[in-house]
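Peer 1: Following the numbering used here from start to finish, the sequence shown increments by one per residue and tops out at 347.
Built from N, CA and C at the ideal position, the CB exists for glycine as well.
Fair warning: this is a prediction, and the values are worked out from it, not measured in the lab.
One structure follows; several queries about it will come next.
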Amino acid sequence: MHATLPLLAATDFPPIWRRSLDTLQVNLGYKCNQSCLHCHVAASPQRTEMMDGETIAQVLDVLRERKVLTLDLTGGAPELNVHFRDLVRQARALGVRVIDRCNLTILSEPGQDDLAAFLAEQGVEITASLPCYSPANVDRQRGDGVFERSIAGLRQLNALGYGDPAGGRVLNLVYNPQGAVLPPPQGPLEADYKRELLLHFGIRFDHLFALTNMPIQRFGSTLVSKGTFGTYMQLLRGSYRAENLDTVMCRSLLSVDWQGFLYDCDFNQMLGLRANVVGQPRPHLRDLLRHNPAGADIRIADHCYGCTAGQGSSCGGALEPESPTATEAAAVGRAAGVV
Numbered sequence: 009m010h011a012t013l014p015l016l017a018a019t020d021f022p023p024i025w026r027r028s029l030d031t032l033q034v035n036l037g038y039k040c041n042q043s044c045l046h047c048h049v050a051a052s053p054q055r056t057e058m059m060d061g062e063t064i065a066q067v068l069d070v071l072r073e074r075k076v077l078t079l080d081l082t083g084g085a086p087e088l089n090v091h092f093r094d095l096v097r098q099a100r101a102l103g104v105r106v107i108d109r110c111n112l113t114i115l116s117e118p119g120q121d122d123l124a125a126f127l128a129e130q131g132v133e134i135t136a137s138l139p140c141y142s143p144a145n146v147d148r149q150r151g152d153g154v155f156e157r158s159i160a161g162l163r164q165l166n167a168l169g170y171g172d173p174a175g176g177r178v179l180n181l182v183y184n185p186q187g188a189v190l191p192p193p194q195g196p197l198e199a200d201y202k203r204e205l206l207l208h209f210g211i212r213f214d215h216l217f218a219l220t221n222m223p224i225q226r227f228g229s230t231l232v233s234k235g236t237f238g239t240y241m242q243l244l245r246g247s248y249r250a251e252n253l254d255t256v257m258c259r260s261l262l263s264v265d266w267q268g269f270l271y272d273c274d275f276n277q278m279l280g281l282r283a284n285v286v287g288q289p290r291p292h293l294r295d296l297l298r299h300n301p302a303g304a305d306i307r308i309a310d311h312c313y314g315c316t317a318g319q320g321s322s323c324g325g326a327l328e329p330e331s332p333t334a335t336e337a338a339a340v341g342r343a344a345g346v347v
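Shown next as structure tokens:
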């Protein structure tokens with residue numbers, strides 16, 4: 009795999025600083041039951057890195073001490089961590105909002121038969137990957153049979169009240185482009201998803217998050233191999249919108265790797281760019297028990313243009329979903345045909 013940090017380190021991206029911490033995004037491990045091209049974590053069934061019980065306990069200590077509002081669980085497939093359910097139970101007992109970034113097929117893995125019911129019982133918000141409402145497109149990106157299993161998972165969640173506004177169980181879907189283009193405007197795309205999934209499969213969900221593919225890990229390496237890394241970076245830089253700086257996720261979020269080390273975002277975690285939050289060369293969860301991270305400068309590199317291009321991109325979807333600039337940028341990217 010090609011390293012992309014050397015291509016991203018030199019940047020003129022503007023400096024930004026952290027506000028108060030309200031979200032702890034915790035990567036419970038890189039093991040996953042899928043292996044997807046766009047995955048910036050390079051997760052796969054072969055990965056073995058998993059957060060241990062001691063570090064899980066430190067996550068809970070930080071939630072209490074810092075009065076964190078949201079625990080955002082990611083991976084890999086976070087549900088494959090043996091401590092996943094205990095962490096969810098204890099975080100919910102503290103009144104913390106818990107998000108599970110679920111790939112949907114995990115719901116039909118052996119030993120996970122009761123996972124959906126557990127998530128519903130605990131009131132966990134589910135943010136689920138579904139890169140398209142077309143079976144062929146999903147299977148091309150994620151493997152044969154993934155779309156069918158994803159639809160089965162969504163139906164299972166719908167039966168438990170997810171996606172029903174009256175039920176209070178939130179189900180969001182995530183869209184990633186299949187190439188080196190910006191995602192189309194989030195609002196119209198969400199309407200398309202809702203219409204097609206309801207019409208053909210009877211599926212309901214709350215919101216669609218349109219995320220930009222980041223030029224790191226597998227996706228970045230593929231760009232390098234195809235000689236299109238520079239073209240994609242030109243698209244991101246050329247679509248920069250300064251107004252997105254105010255709402256980028258790193259201003260109020262810290263990312264935690266499977267060993268408990270701290271990063272400004274999940275992308276910086278994958279690049280090995282540790283946060284500057286507590287004046288330590290390798291800041292760790294335990295440091296948050298003694299230091300408030302507010303006011304620290306955020307580590308930046310050229311990939312940060314991915315979060316500020318066009319309509320913007322964050323773990324909660326577009327920052328400016330109705331931006332006409334996003335439409336124009338997406339059209340430019342498609343015309344470029346860089347992947």
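Check this for me: beta carbons of ALA136 and PHE213, under 9 Å apart or not?
Peer 2: Translated into positions along the sequence shown, residue 136 becomes position 128. Translated into positions along the sequence shown, residue 213 becomes position 205. Cβ distance < 9 Å, so ALA136 and PHE213 count as in contact.
Peer 1: Does DSSP put GLN33 in a helix, in a strand, or in coil?
Peer 2: By one-based count along the sequence shown, residue 33 stands at place 25. Of the three classes helix, strand and coil, the one that applies to GLN33 here is strand, per DSSP.
Peer 1: Just to confirm, are GLN130 and ARG100 a CB contact at a threshold of 9 Å?
Peer 2: One-based indexing of the sequence shown puts residue 130 at position 122. One-based indexing of the sequence shown puts residue 100 at position 92. Closer than 9 Å, so yes.
Peer 1: Determine, using beta carbons only, whether LEU260 and LEU29 come nearer to each other than 9 Å.
Peer 2: In the sequence shown, residue 260 corresponds to position 252, counting from 1. In the sequence shown, residue 29 corresponds to position 21, counting from 1. Here residue 260 turns out to be Ser, not Leu, going by the sequence shown. Yes; because the gap between Cβ atoms is below 9 Å, this pair is in contact.
Peer 1: Can you tell me whether PHE213 is helix, strand or coil according to DSSP?
Peer 2: Residue mapping note: residue 213 aligns to position 205 of the sequence shown, counting from 1. Residue state, collapsed to three classes: coil.
Peer 1: Report the partner residues of GLY325 according to the DSSP bridge assignment.
Peer 2: In the sequence shown, counting from the first residue as 1, residue 325 sits at position 317. The partner list for GLY325 (beta bridge, DSSP) reads SER322.
Peer 1: Any idea which residues DSSP pairs LEU297 with across the strands?
Peer 2: Position 289 of the sequence shown holds residue 297. Answer by DSSP bridge pairing: none, since LEU297 is not bridged.
Peer 1: What are the residues that DSSP puts in a beta bridge with CYS110?
Peer 2: Working through the sequence shown from its first residue, we reach residue 110 at position 102. According to DSSP, CYS110 bridges with ALA136.
Peer 1: From the DSSP secondary-structure annotation, give me the bridge partner or partners of ASN180.
Peer 2: Mapped onto the sequence shown, residue 180 falls at position 172. Its beta-bridge partners are THR135, HIS215.
Peer 1: Tell me whether ARG105 sits in a helix, a strand or coil according to DSSP, three-state version.
Peer 2: Indexing the sequence shown from 1 puts residue 105 at position 97. Here ARG105 sits in strand by DSSP.
Peer 1: For ASP80, report the span of its beta strand (DSSP E) as first-last.
Peer 2: Position 72 of the sequence shown, counted from the first residue, corresponds to residue 80. Counting along the chain, the beta strand (DSSP E) containing ASP80 begins and ends at 78 to 82.
Peer 1: Can you name the residues that DSSP bridges to TRP25?
Peer 2: In the sequence shown, counting from the first residue as 1, residue 25 sits at position 17. Answer is ASP305, bridged to TRP25.
Peer 1: Over the uninterrupted alpha helix (DSSP H) stretch that includes SER229, give me the two end residues.
Peer 2: Looking up residue 229 in the sequence shown gives position 221. Start and end: 225 to 234.
Peer 1: Rounded to whole angstroms, how far is the Cβ of ILE114 from the Cβ of ASN41, which I believe are closer than 8 Å?
Peer 2: Mapped onto the sequence shown, residue 114 falls at position 106. Mapped onto the sequence shown, residue 41 falls at position 33. Confirmed, about 6 Å.
Peer 1: Would you grab the beta carbon distance between LEU297 and GLU73 for me? Rounded to a whole angstrom, and I think it's under 8 Å.
Peer 2: For the purposes of this step, residue 297 is taken as the residue at position 289 of the sequence shown. For the purposes of this step, residue 73 is taken as the residue at position 65 of the sequence shown. Rounded, the Cβ-Cβ distance is 5 Å, consistent with contact.
Peer 1: What is the DSSP secondary structure of ARG290, counted as helix, strand or coil?
Peer 2: The residue labelled residue 290 in the question sits at position 282 within the sequence shown. In this structure, ARG290 counts as coil in the three-state DSSP scheme.
Peer 1: Between which two residues does the alpha helix (DSSP H) holding VAL154 run?
Peer 2: Within the sequence shown, the letter at position 146 stands for residue 154. Note, VAL154: alpha helix (DSSP H), 154 to 167.
Peer 1: Please name the residue, chosen from HIS215, THR63, THR220, that lies closest to PRO173 on a Cα-to-Cα basis.
Peer 2: On the sequence shown, position 165 is the one that residue 173 refers to. Checking every option, the nearest Cα to that of PRO173 belongs to HIS215.
Peer 1: Which residue comes first and which comes last in the beta strand (DSSP E) that contains LEU281?
Peer 2: Indexing the sequence shown from 1 puts residue 281 at position 273. Counting along the chain, LEU281 falls outside any beta strand (DSSP E), and DSSP gives it neither H nor E.
Peer 1: Do ALA17 and ALA199 have their CB atoms nearer than 9 Å?
Peer 2: Start at 1 with the first residue of the sequence shown, and residue 17 comes out as number 9. Start at 1 with the first residue of the sequence shown, and residue 199 comes out as number 191. Cβ atoms of ALA17 and ALA199: not closer than 9 Å.
Peer 1: Would a C-beta distance cut-off of 9 Å place GLU328 and ARG249 closer than the cut-off?
Peer 2: Counting from 1 along the sequence shown, the entry for residue 328 is found at position 320. Counting from 1 along the sequence shown, the entry for residue 249 is found at position 241. Yes. Within cutoff.
Peer 1: In the DSSP assignment, find the alpha helix (DSSP H) that holds LEU243 and state where it starts and stops.
Peer 2: Position 235 of the sequence shown, counted from the first residue, corresponds to residue 243. Taken as a continuous stretch (DSSP letters only), the alpha helix (DSSP H) holding LEU243 covers 237 to 246.
Peer 1: Might you give, ordered along the chain, the residues of its own chain that have their beta carbon closer than 8 Å to the beta carbon of LEU279, omitting 5 neighbours on each side?
Peer 2: Your numbering for residue 279 matches position 271 in the sequence shown. THR12, LEU13, LEU16, ILE224, ALA309, HIS311.
Peer 1: Would you kindly report the start and end of the unbroken beta strand (DSSP E) that includes LEU262?
Peer 2: On the sequence shown, residue 262 is found 254 positions in, with the first residue counted as 1. First-last of the beta strand (DSSP E) with LEU262: 261 to 264.
Peer 1: Leaving out five residues on either side along the sequence, give the residues of the same chain with a beta carbon under 7 Å from the beta carbon of LEU281.
Peer 2: The sequence position of residue 281 within the sequence shown is 273, counting from 1. Excluding residues within five positions, the ones whose Cβ falls inside 7 Å are TYR271, ARG307, ALA309.
Peer 1: Compare the Cα-Cα distances from GLU117 to each of TYR141, VAL96, ASP94, LEU88 and report the closest residue.
Peer 2: By 1-based counting over the sequence shown, the position of residue 117 is 109. Nearest of TYR141, VAL96, ASP94, LEU88 to GLU117, Cα basis: LEU88.
Peer 1: Relative to the alpha-carbon of LEU197, which residue among TYR183, GLU133, VAL96, VAL104 has its alpha-carbon at the smallest distance?
Peer 2: Residue mapping note: residue 197 aligns to position 189 of the sequence shown, counting from 1. The candidate whose alpha carbon is nearest that of LEU197 is TYR183.
Peer 1: Any idea which residues DSSP pairs MET58 with across the strands?
Peer 2: Along the sequence shown, one-based indexing puts residue 58 at 50. According to DSSP, which records beta bridges pairwise, MET58 is partnered with GLY37.
Peer 1: Going along the chain, which residues of its own chain have a beta-carbon closer than 7 Å to the beta-carbon of LEU206, five neighbours each way excluded?
Peer 2: The residue labelled residue 206 in the question sits at position 198 within the sequence shown. Taken in chain order, the residues that qualify are ARG212.
Peer 1: Measuring straight from C-alpha to C-alpha, what distance separates GLY187 and THR19?
Peer 2: Position 179 of the sequence shown, counted from the first residue, corresponds to residue 187. Position 11 of the sequence shown, counted from the first residue, corresponds to residue 19. Looking at the two C-alpha atoms, the distance is approximately 23 Å.
Peer 1: Which same chain residues, not among the five before or five after ILE64, have their C-beta less than 6 Å away from its C-beta?
Peer 2: If you number the sequence shown from 1, residue 64 lands on position 56. The residues are HIS91, LEU95.
Peer 1: Under 9 Å, do ALA124 and LEU168 count as touching if we go by C-beta distance?
Peer 2: For the purposes of this step, residue 124 is taken as the residue at position 116 of the sequence shown. For the purposes of this step, residue 168 is taken as the residue at position 160 of the sequence shown. Taking 9 Å as the Cβ cut-off, ALA124 and LEU168 qualify as a contacting pair.
Peer 1: Ordered along the chain, which non-local residues of its own chain (more than five positions away) have a Cβ less than 8 Å from that of PHE237?
Peer 2: Counting from 1 along the sequence shown, the entry for residue 237 is found at position 229. The residues are THR12, LEU15, PRO223, GLY228, LEU231.
Peer 1: Quick check: TYR201 and LEU138, are their CB atoms within less than 9 Å of each other?
Peer 2: Residue 201 sits at position 193 when you count from the first residue of the sequence shown. Residue 138 sits at position 130 when you count from the first residue of the sequence shown. Contact: yes.
Peer 1: Less than 8 Å between C-beta atoms, sequence neighbours within five positions excluded: which residues of the same chain meet that for PRO143?
Peer 2: Mapped onto the sequence shown, residue 143 falls at position 135. Closer than 8 Å at Cβ, skipping near neighbours: PHE155, GLU156.
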